[in-house]
Ligand SMILES: [Zn+2]
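In the numbering used here, the protein residues as written are 758 to 859.
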């Protein structure tokens, strides 16, 4: 479980201890969100887990951060020969530190 304020970029586990699923990094929020903004965060099978970025009024900003993160992720997955979940988790955490500024 991710504690309040804890993020993947600050070392939270990518794998949820409760449902044991690997968190997906997605754009969340929107006009219906209580904070009224979009952000990049993580979700698992239990629901939303963490908010990794600031809130953005413009969804495009959150979309671009996610797109850059995914590009680097996909590039690393094919070039670094990552074949186990532990290495993949380390990759996601280091990319999160590089891409997600709060
Ligand atoms: Zn979960």
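Glycine included, each C-beta is placed from N, C-alpha and C at the ideal position.
- Put simply, the residues with a CB less than 6 Å from any heavy atom of ligand 1 are 773, 775, 776, 778, 801, 802 and 803, in chain order.
- Out of 842, 848 and 803, the CA that lies nearest to the CA of residue 832 is found in 848.
- Annotation for residue 783: the continuous beta strand (DSSP E) segment containing it runs 781-787.
- Contact between the region 807-826 and the region 780-789 is present: 3 or more CB-CB pairs across the two stretches fall below 8 Å.
- Residue environment analysis places residue 776 among the exposed positions, since fewer than 16 neighbouring C-beta atoms fall within 10 angstroms of its C-beta.
- In the structure shown, residue 854 adopts helical secondary structure according to DSSP, grouped into three states.
- Put simply, the backbone Cα of residue 803 is about 16 Å away from that of residue 761.
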